[in-house]
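2 protein chains.
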Amino acid sequence: MKNRIPELRAERAWTQADLAQRVSVSRQTINAIEKGKFDPSLPVAFRLAKVFNLTIEELFIDDQ
Amino acid sequence: MKNRIPELRAERAWTQADLAQRVSVSRQTINAIEKGKFDPSLPVAFRLAKVFNLTIEELFIDDQ
DNA sequence: CCTCGATGTCAAGCACACTTGACATCGAGG
DNA sequence: CCTCGATGTCAAGTGTGCTTGACATCGAGG
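Protein chains in written order, with this note's numbering: chain Z, -2 to 61; chain W, -2 to 61.
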């Protein structure tokens, strides 16, 4: 499961801490998701898609 | 997080066990997701959306 | 009745999502 | 240089996603 969070976050000039606050998770969680350490839960995925105004399918790439 | 799995599964006349096999989880997991006991992981959510030919947003309703 | 498939549910265990707290590194600017 | 914000990462703890195995219930058909 890849994702476009790093580029989208950079476009908006948000730090990992900024984004973490916007989706109500810790900074380390954002870092881990960006780095592919693990996939977010479905609720966190929904919140991430929302702050970027994208669908989950547009934000996350399911590479089976 | 609500979902339309029960109705969609009924439309197709699939048992919980049928659906479980199609998305590679246990029957109990399908039952728990349908019953709202917990939310699926993002990979399982992707697989569920795929077997129903829907987007995750169409299949799951984020009631924050 | 009695069976049988489908569903609901519990327990125990494992893996992972997420937390707080801490520390290391790195680049930009004084 | 030195600092400082941003990022990367580790450890330890909590909660949840998912498993297997078991058992109870329920409705449809013999």
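C-beta atoms are modelled at their ideal positions from N, C-alpha and C, and glycine is treated no differently. Since this is a predicted model, take the numbers as computed values, not measurements.
The C-beta separation of Pro40 (chain W) from Asp36 (chain Z) comes to about 6 Å, placing the pair in contact by the 8 Å criterion. For a Cβ distance threshold of 9 Å, residue set Met(-2), Asp36, Pro37, Ser38, Leu39, Val41, Ala42, Ile53, Phe57, Asp59 of chain W lies close to Leu39 (chain Z), ordered along the chain. The three-state reading of DSSP puts Lys(-1) (chain W) in strand, counting E and B together. Close CB contacts of Arg19 (chain W) within its chain, under the 7 Å cut and outside five residues either way in sequence, are with Val48 (chain order).
Phe43 (chain Z) sits in a helix when the DSSP states are folded into three classes. Residue environment: Ile53 (chain W) is assigned as buried (16 or more neighbouring CB atoms within 10 Å of its CB, all protein chains considered). Here the alpha carbon of Arg9 (chain Z) sits roughly 43 Å from the alpha carbon of Arg24 (chain W). Distances from the alpha-carbon of Glu31 (chain Z) to those of Z:Ser21, Z:Phe43, Z:Leu16 put Z:Leu16 closest. Take the alpha-carbon of Thr26 (chain W) and the one of Arg44 (chain W): they are about 13 Å apart. Membership of Asp15 (chain W) in the alpha helix (DSSP H) is indicated by the continuous run 13 to 19. The beta carbons of Leu56 (chain Z) and Asn0 (chain Z) sit about 6 Å from each other, so the pair counts as a contact at 8 Å.
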